[in-house]
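Trainee:
In UniProt numbering, the protein residues as written are 1 to 369.
What follows is the structure, given as structure tokens:
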């Protein structure tokens with residue numbers, strides 16, 4: 001075969017022996033440039049993440065300076081009454097908000113990337129498994145029937161609702177004739193999401209007192225959450241993160257098609273089950289804690305592909321760094337757009353993510369012509 005093969009060449013016409021996995025440009029000539037680009041992107045991601053974390057701790061409606069931020073984070077034995085108002089704001093409000101923002105951004109981006117891979121649908125996001133609709137129904141039931149009011153109290157209901165909805169979607173996608181396919185899962189998710197959303201609307205119509213509290217969760221927010229919420233969802237997010245990174249090499253093969261993956265010795269059903277578990281843990285915990293936040297699971301994987309290429313091992317690594325940068329950046333922006341009030345991060349990410357996604361889509365369309 002003449003000419004240098006690129007990362008997007010997958011010659012499957014001659015059977016399994018000639019199938020190439022999308023691991024990027026594997027030629028010796030391209031290795032140094034590829035390694036250099038990845039190193040620069042990782043260093044840039046770490047720097048940007050550090051900057052946005054520090055900015056999230058400092059900037060807001062109440063002015064604080066860097067010495068106050070550093071002192072608030074380094075205090076160990078805190079005596080009640082000795083902290084200033086600014087130190088209390090940093091420790092008790094902005095620190096949990098920032099940590100939750102990092103976790104939610106990572107979780108939604110990784111879940112979105114995995115869903116786009118296994119469904120082979122570039123517009124897929126965690127909501128395709130009914131995660132958002134399941135969490136919403138469980139939370140409105142907890143608020144309306146059990147009288148729960150604090151995010152700490154109903155985060156468990158949101159996580160359970162997301163998990164049950166995902167299991168139902170996979171059950172429906174696996175039923176009937178034939179095996180489970182991306183199309184079946186997508187259709188099952190759309191049907192279940194519509195059904196659960198109708199139940200949620202019915203409960204809200206019957207109990208209007210729950211509407212104000214529910215819509216604060218539904219718009220997507222990381223404000224008003226304390227460290228108990230962070231500690232509640234952190235184990236689920238970490239477990240989902242480990243599963244996602246572990247299954248990434250197998251996902252690289254799965255995107256070539258189920259038949260090709262089987263011919264290369266991959267256990268397709270097991271891969272899909274592990275991916276589903278990772279998505280439920282990641283997206284379920286994120287949605288339960290912060291509500292459905294737009295564009296994170298959809299836009300971030302596409303943005304990092306500009307550097308990572310088609311290799312999902314690197315797509316997940318870059319998403320791990322750049323997703324919280326986007327979410328925290330949008331959150332910081334939302335603190336000032338309608339000052340002295342704040343714009344919830346779910347709205348801010350839509351304002352930031354939508355133009356980025358449109359620009360990316362336009363760039364790819366122009367490149368294809």
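Each residue gets a CB set at the ideal place from its N, CA and C atoms; glycine is no exception.
1) Looking at C-alpha atoms only, which residue of 143, 132 and 34 is the closest neighbour of residue 159?
2) So, for residue 258: in the same chain, excluding its five sequence neighbours on each side, which residues have a beta-carbon less than 7 angstroms away from its beta-carbon?
3) At 4 residues or longer, and completely inside the region 62-91: list those alpha helix (DSSP H) runs for me, N to C.
4) In terms of residues, what are the limits of the alpha helix (DSSP H) holding residue 116?
5) Starting from the Cα of residue 279, find the closest Cα among 216, 194, 229 and 130 and give me that residue.
6) Taking residue 90 as the reference, give the member of 55, 151, 145 and 283 with the closest Cα.
7) Here's the rule: buried if 16 or more other CB atoms are within 10 angstroms of the residue's CB, otherwise exposed. What is residue 318?
8) So, is residue 74 buried or exposed, given that buried needs 16 or more other C-beta atoms within 10 angstroms?
9) Let's see if you can read the secondary structure: which residues bound the alpha helix (DSSP H) around residue 187?
10) If residue 204 and residue 216 are in contact, beta carbons under 8 angstroms, what's the gap, nearest whole angstrom?
11) For residue 213, which of helix, strand or coil comes out of DSSP?
12) Which class does residue 258 belong to by DSSP, given the choice of helix, strand or coil?
13) Cutting at 7 angstroms between CB atoms, please list the residues of its own chain near residue 125, excluding the five before and the five after it.
14) Would you say residue 284 and residue 117 are within 8 angstroms of each other, going by their C-beta atoms?
15) Quick check: is the beta carbon of residue 289 nearer than 8 angstroms to any beta carbon in chain D?
16) Take residue 246 and list the residues in its own chain whose beta-carbon comes closer than 8 angstroms to its own, dropping the five residues that flank it on each side.
17) Can you give me the start and stop residues for the alpha helix (DSSP H) that residue 329 sits inside?
18) From the DSSP output, in three-state form, read off residue 280 for me.
19) Hey, residue 233 and residue 150 are a contact pair by Cβ (cut 8 angstroms); roughly how many whole angstroms apart?
20) Give me the Cα-Cα distance between residue 218 and residue 146, rounded to the nearest whole angstrom.
21) Is the beta carbon of residue 322 closer than 8 angstroms to that of residue 45?
22) Kindly give me the distance between the Cβ atoms of residue 41 and residue 300, rounded to whole angstroms, as I take these residues to be in contact under 8 angstroms.
23) Excluding sequence positions up to five away, which residues of its chain have a Cβ less than 8 angstroms from the Cβ of residue 229?
24) Using the rule of at least 16 other Cβ atoms within 10 Å of the residue's Cβ for burial, across every protein chain shown, is residue 84 buried or exposed?
25) Hey, out of 360, 86 and 103, whose CA is closest to residue 49's CA?
26) Using 8 angstroms as the threshold, is the C-beta distance between residue 293 and residue 345 below it?
27) By Cβ distance, which residues of its chain are closer than 6 angstroms to residue 5, with the 5 residues on each side in sequence left out?
28) For the candidate residues 194, 256 and 170, whose alpha-carbon lies nearest to that of residue 184?
29) Locate the alpha helix (DSSP H) running through residue 132, then write down its first and last residues.
30) Kindly indicate which three-state DSSP category residue 150 falls into: helix, strand or coil?
31) With a CB to CB cut of under 6 angstroms and the five nearest residues on each side skipped, what residues in its chain are close to residue 193?
32) Just tell me which of 92, 87 and 343 has its CA closest to the CA of residue 227.
33) Between which two residues does the alpha helix (DSSP H) harbouring residue 307 extend?
34) For residue 69, which of 82, 166 and 86 has the nearest alpha-carbon?
35) Between the alpha carbons of residue 315 and residue 206, how many angstroms are there, rounded?
Mentor: So, from the listed chains and residues:
1) 132
2) Within its own chain, the residues whose Cβ lies closer than 7 angstroms to the Cβ of residue 258, once the five positions on either side in sequence are excluded, are 268, listed in chain order.
3) 66-74 and 85-88
4) Start and end: 95-119.
5) 130
6) 55
7) buried
8) exposed
9) 182-206
10) Rounded, the Cβ-Cβ distance is 13 angstroms, inconsistent with contact.
11) helix
12) In the three-state scheme derived from DSSP, where H, G and I count as helix and E and B as strand, residue 258 is classed as helix.
13) Excluding sequence neighbours, residue 125 sits near 112, 115, 297 and 298.
14) In this structure, residue 284 sits away from residue 117, with a CB-CB distance that is not shorter than 8 angstroms.
15) Of the protein chains in this structure there is only one, and it is not chain D.
16) 274
17) 312-337
18) Here residue 280 sits in helix by DSSP.
19) Rounded, the Cβ-Cβ distance is 14 angstroms, inconsistent with contact.
20) 18 angstroms
21) yes
22) Their Cβ separation, rounded to whole angstroms, is 14 angstroms, which puts residue 41 and residue 300 out of contact at 8 angstroms.
23) 96, 100, 151, 152, 155 and 289
24) exposed
25) 103
26) yes
27) Only weak support is given to the placement of residue 5: the predicted model assigns it a pLDDT of 41, under 50, and the question is left unresolved by the model.
28) 170
29) 131-146
30) coil
31) 130 and 133
32) 92
33) Residue 307 -> alpha helix (DSSP H) spans 296-308.
34) Of the listed residues, the one whose Cα sits closest to residue 69 is 86.
35) 44 angstroms
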